[in-house]
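Enquirer: The following block contains the structure, expressed as structure tokens.
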Amino acid sequence: MSSSTVVSAPGKVLLAGGYLVLDPTYSGVVVSTSSRFYTVVTQEHDRGNAPIQIRVRSPQFVNASWTYRVHLGDSNIHLEQLVDGSNPQTLSKNKFVQLALERTLLLALEYQGAAHLRYTLKSLEITILGDNDFYSQRAQLTARNLPSTLRSLSQLLPFLHTGVVISDVHKTGLGSSAALITSLVSALLLHLNVIPSDSFDVPDPRLGGSATASPGKKLAHNLAQYVHCLAQGKVGSGFDVSAAAFGSQLYTRFDPSVIQPLMNDDQSMNPISLKQVLSPSNSQWSYRAEAFQLPPHVRLMLADVDAGSDTPSLVGKVLKWRKERPEEAQRLWDATDALNQQFGRILLGLSDLALKYPKEYPKVIKYLSSLQSCQWLANPILPESEQRIIDSFHTVRLTAEEIRGKMREMGSASDVPIEPPEQTRLLNECVSLAGVIGGGVPGGTVPLSILSSYMRSDGLIGVFFFLPLSGDDGADDDGGGGGCSRRIRRHMAPRFRSQGLPGIRTPIDKGRRYMVDV
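Dropping the structure here:
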């Protein structure tokens with residue numbers, strides 16, 4: 000009987016720390032999203048002495064199926080991509096998937112040995128799915144004559160087919176490649192028993208981050224960081240993979256030198272073993288992922304603008320300015336970092352206030368959600384407990400605006416459109432609405448979308464902004480990076496409506512399930 004393993008990993012939003020998160024001196028405030036990538040690994044029935052094959056499919060895209068024959072040696076792994084029999088004229092390649100498979104199997108070989116891996120490794124069927132939010136749905140809504148609202152989005156089937164090849168899809172900047180890689184390598188490590196089945200268990204959701212993570216979870220994170228960097232051809236900050244592995248967090252990047260010896264597509268050219276570099280006991284992994292959460296009833300909304308910018312180019316310009324004007328950049332970055340740290344601390348403090356004042360907190364939320372921020376301090380006769388909560392939200396609002404100002408200052412100094420005037424006008428309109436805490440360009444890195452933080456007394460998002468901004472179809476990241484999320488734990492997977500995606504529902508319902516909880 001075949002067995003399945005299902006792992007999900009979330010996307011990310013960099014609330015504060017854009018550009019700064021590239022430097023290990025500074026940290027970023029990262030929120031993992033409710034949107035996830037899922038990897039389903041199913042072991043095929045015993046094929047006797049037939050060659051081991053791995054078939055990977057991404058049924059949300061056109062021509063998104065890849066089959067590999069596994070050549071397993073005593074000390075090496077080689078994947079030979081096979082021509083798809085259903086379409087022999089095309090041999091599409093997926094560097095992210097192939098490198099993830101190859102490096103994960105090589106790591107398994109180093110941990111388990113060739114004899115053990117030959118015994119445990121069988122032919123596999125792997126299915127990769129991403130929640131709709133990772134891709135622009137504007138065309139889908141237009142085709143259905145639906146207005147651009149949350150209600151319309153909720154009417155779309157989960158895992159909707161995009162109707163295009165992967166290279167043509169319009170992304171929303173939630174870190175799809177990082178979430179994909181993290182879910183894929185984690186599923187393989189679990190399925191092959193390289194890490195224990197309880198590696199992603201966390202008894203208390205507040206005990207997230209990397210400090211309390213199991214060795215198995217840290218190994219999955221380190222492997223995902225490495226594969227993601229290798230596939231992209233550069234070592235980014237890693238906040239996106241870290242968010243996928245450890246969830247919402249205050250993130251400080253790792254030293255790029257830790258994986259530099261492995262940054263070669265050809266395994267035989269790497270002078271050092273994967274196990275030695277990626278081991279959780281390797282002290283060179285100097286990243287920090289401190290547990291973080293948004294306060295209760297605070298929600299993030301991101302606009303689907305169906306457009307993006309050339310992120311690496313913008314990052315390069317900012318770093319060039321920093322190198323040319325080090326003293327000016329140092330002053331600005333230090334000031335911005337102080338605000339970012341304050342922003343994260345106050346948000347965490349609000350979660351504490353919600354626990355300390357369980358009756359007053361919901362009352363304050365209901366009150367503030369009906370008022371513009373300029374009216375939040377207008378009532379002078381509130382009880383002290385309620386006033387403390389209001390003062391904290393007001394400070395968050397002021398800090399968010401100060402951060403925006405510093406990011407605009409950085410953009411002006413480096414001649415980079417971090418928050419161009421047209422976005423400033425839109426953001427000012429957004430944050431002037433009742434119940435809005437603040438807004439900005441996610442991460443302060445690229446004009447992919449506008450985000451706003453809303454408070455709703457019912458815990459629901461009331462408004463979703465679709466802002467038709469211009470820009471190149473674009474870069475998914477990287478003003479930073481990300482990971483495997485705060486908690487990946489065994490959990491009953493929800494039942495998804497998966498019409499049009501045959502073979503998905505059964506393994507998701509019946510497999511060993513490991514889902515990120517954010």
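Mapping to numbering that gives the first Met the number 0: the sequence shown position 480 is 479, numbers consecutive. Positions of the beta carbon are idealized from the N, C-alpha and C atoms, including for glycine.
Name the two residues that bound the continuous alpha helix (DSSP H) containing V184.
Expert: Working through the sequence shown from its first residue, we reach residue 184 at position 185. S175 to H190 is the extent of the alpha helix (DSSP H) around V184.
Enquirer: Which residue's Cα is closest to the Cα of M300: S31, I125, E400 and T4?
Expert: Walking along the sequence shown from the start, residue 300 turns up at place 301. Cα-wise, what sits closest to M300 is S31.
Enquirer: Are the C-beta atoms of V96 and some chain D residue less than 7 Å apart?
Expert: The question asks about chain D, but that chain is absent: this structure has only one protein chain.
Enquirer: Among L354, G207, N192 and D197, which has the Cα closest to the Cα of T103?
Expert: Residue numbering aside, residue 103 sits at position 104 when the sequence shown is read from its first letter. Selected option, being the one with the closest Cα: N192.
Enquirer: Since S185 and A8 should fall inside the 8 Å C-beta cutoff, what is the C-beta to C-beta distance between them, to a whole number of angstroms?
Expert: Position 186 of the sequence shown, counted from the first residue, corresponds to residue 185. Position 9 of the sequence shown, counted from the first residue, corresponds to residue 8. Confirmed, Cβ separation roughly 7 Å.
Enquirer: Assign Q283 to one of two classes, buried (16 or more other C-beta atoms within 10 Å of its C-beta) or exposed (fewer than that).
Expert: As a first step, residue 283 is located in the sequence shown; it is residue number 284 there, counting from the start. Q283 comes out exposed.
Enquirer: Going by Cα to Cα distance, which pick from G72, S2 and L156 is closest to R143?
Expert: Translated into positions along the sequence shown, residue 143 becomes position 144. Residue L156 is the option with its Cα nearest to R143.
Enquirer: What do you get for S280, buried or exposed, if any count of 16 or more other CB atoms within 10 angstroms of its CB means buried?
Expert: Against the sequence shown, residue 280 aligns to sequence position 281. Exposed, since its Cβ has fewer than 16 Cβ neighbours within 10 Å.
Enquirer: Alpha carbon to alpha carbon, how far is L149 from D303?
Expert: Within the sequence shown, residue 149 is the residue found at index 150, counting from 1. Within the sequence shown, residue 303 is the residue found at index 304, counting from 1. Going from the Cα of L149 to the Cα of D303 covers about 11 Å.
Enquirer: With 16 as the cutoff for other CB atoms within 10 Å, does D264 come out buried or exposed?
Expert: Residue mapping note: residue 264 aligns to position 265 of the sequence shown, counting from 1. Exposed: under 16 other Cβ atoms inside 10 Å.
Enquirer: Among the candidates Q42, A49 and N48, whose CA atom is the shortest distance from the CA of V55?
Expert: Counted from its first residue, the sequence shown places residue 55 at position 56. Of Q42, A49 and N48, the residue nearest in Cα terms is Q42.
Enquirer: Are there three or more Cβ pairs, one per stretch, closer than 8 Å when the stretch 207-216 is compared with the stretch 284-299?
Expert: Cβ pair count under 8 Å is three or more, so yes.
Enquirer: Which term fits D336, buried or exposed, when burial requires 16 or more other beta carbons within 10 angstroms of its beta carbon?
Expert: As a working note, residue 336 is residue 337 in the sequence shown. Buried is the call here.
Enquirer: Where S241 and S256 are concerned, what is the direct C-alpha to C-alpha distance, given to the nearest angstrom?
Expert: Stepping through the sequence shown from its first residue, residue 241 is reached at position 242. Stepping through the sequence shown from its first residue, residue 256 is reached at position 257. Approximately 17 Å, taken between the alpha carbons.
Enquirer: Does S278 pass the burial test, meaning 16 or more other C-beta atoms within 10 Å, or should it be called exposed?
Expert: As a working note, residue 278 is residue 279 in the sequence shown. S278 should be labelled buried.
Enquirer: Who are the Cβ neighbours of L261 in its own chain at under 8 Å, not counting the five residues just before and after it?
Expert: On the sequence shown, residue 261 is found 262 positions in, with the first residue counted as 1. These residues qualify, in order along the chain: Y225, L229, N269, I271, L273 and V276.
Enquirer: Is D130 buried or exposed, if buried means 16 or more other CB atoms sit within 10 Å of its CB?
Expert: Your numbering for residue 130 matches position 131 in the sequence shown. Under this definition D130 is a buried residue.
Enquirer: Within its chain, find whatever has a CB closer than 7 Å to the CB of F95; leave out the 5 residues flanking it on each side and keep chain order.
Expert: One-based indexing of the sequence shown puts residue 95 at position 96. Once the five neighbours on either side are set aside, the close Cβ partners of F95 are S176, L179, I180 and A230.
Enquirer: Determine, using beta carbons only, whether I76 and L105 come nearer to each other than 7 Å.
Expert: By 1-based counting over the sequence shown, the position of residue 76 is 77. By 1-based counting over the sequence shown, the position of residue 105 is 106. Against a cut-off of 7 Å, the Cβ pair of L105 and I76 comes out as a contact.
Enquirer: Taking buried to mean at least 16 other C-beta atoms within 10 Å of its own C-beta, is Q139 buried or exposed?
Expert: Walking along the sequence shown from the start, residue 139 turns up at place 140. Flag for Q139 reads buried.
Enquirer: Run through the DSSP bridge pairs and tell me what S7 is partnered with.
Expert: Mapped onto the sequence shown, residue 7 falls at position 8. Paired residues: Y37.
Enquirer: Going along the chain, which unbroken runs of the alpha helix (DSSP H) with 4 or more residues stay wholly within the stretch 309-370?
Expert: As far as the stretch 309-370 is concerned, its whole alpha helix (DSSP H) runs of at least 4 residues are 310-323, 325-355 and 359-367.
Enquirer: Our contact map puts E421 next to G410 with C-beta atoms below 8 Å; I'd like the distance itself, whole angstroms only.
Expert: Taking the sequence shown and counting its residues from 1, one reaches residue 421 at position 422. Taking the sequence shown and counting its residues from 1, one reaches residue 410 at position 411. The Cβ separation is near 13 Å, so there is no contact.
Enquirer: Going by CA-CA distance only, name the one from T126, N221, R137 and F238 that's closest to L21.
Expert: Numbered from 1 along the sequence shown, position 22 holds the residue referred to as residue 21. Taking only the C-alpha atoms, the option nearest L21 is F238.
Enquirer: Taking the DSSP output, what are the residues bridged to Y67?
Expert: In the sequence shown, residue 67 corresponds to position 68, counting from 1. Y67 is bridged to I53 and Q80.
Enquirer: E383 lies in the alpha helix (DSSP H); which residues open and close that run?
Expert: Here the question's residue 383 lines up with position 384 in the sequence shown. From DSSP, the alpha helix (DSSP H) with E383 extends over E383 to S413.
Enquirer: For N48, is the classification buried or exposed, using 16 other Cβ atoms within 10 angstroms of its Cβ as the cut-off for buried?
Expert: In the sequence shown, counting from the first residue as 1, residue 48 sits at position 49. Looking at its Cβ environment, which holds fewer than 16 other Cβ atoms inside 10 Å, N48 is exposed.
Enquirer: Is the Cβ-Cβ distance between Q248 and V29 less than 7 Å?
Expert: Working through the sequence shown from its first residue, we reach residue 248 at position 249. Working through the sequence shown from its first residue, we reach residue 29 at position 30. Their beta carbons are under 7 Å apart, which means Q248 touches V29 by this criterion.
Enquirer: Please name the residue in E385, S413 and S368 whose C-alpha comes closest to that of G437.
Expert: In the sequence shown, the residue the question calls residue 437 occupies position 438. Per the Cα distances, S368.
Enquirer: For F495, I'd like the list of residues in its chain whose CB is within less than 6 Å of its CB, leaving aside the five on either flank, ordered along the chain.
Expert: Against the sequence shown, residue 495 aligns to sequence position 496. Here the model assigns F495 a pLDDT of 30, short of 50, so the residue's position is not dependable and the matter cannot be decided.
Enquirer: Applying the criterion that 16 or more other CB atoms from any shown protein chain within 10 Å of the CB defines a buried residue, is G480 buried or exposed?
Expert: In the sequence shown, the residue the question calls residue 480 occupies position 481. Only weak support is given to the placement of G480: the predicted model assigns it a pLDDT of 29, under 50, and the question is left unresolved by the model.
Enquirer: Can you tell me whether T171 is buried or exposed? The criterion is at least 16 other CB atoms within 10 Å of its CB, across all chains shown.
Expert: As a working note, residue 171 is residue 172 in the sequence shown. Under this definition T171 is a buried residue.
Enquirer: Rounded to the nearest angstrom, what separates H44 and P50 at their Cα positions?
Expert: Here residue 44 corresponds to residue number 45 of the sequence shown, with the count starting at 1. Here residue 50 corresponds to residue number 51 of the sequence shown, with the count starting at 1. Rounded to the nearest angstrom, the two C-alpha atoms are 13 Å apart.
Enquirer: Starting from the Cα of S236, find the closest Cα among A244, F245, G246 and Y250 and give me that residue.
Expert: By one-based count along the sequence shown, residue 236 stands at place 237. With distances taken between Cα atoms, S236 lies closest to Y250.
Enquirer: Does DSSP put K217 in a helix, a strand or coil?
Expert: Taking the sequence shown and counting its residues from 1, one reaches residue 217 at position 218. Helix, per DSSP.
Enquirer: Below 8 Å, how does it come out for the stretch 330-347 and the stretch 388-406: are there three or more Cβ pairs, yes or no?
Expert: Yes: the two stretches touch, three or more of their Cβ pairs being nearer than 8 Å.
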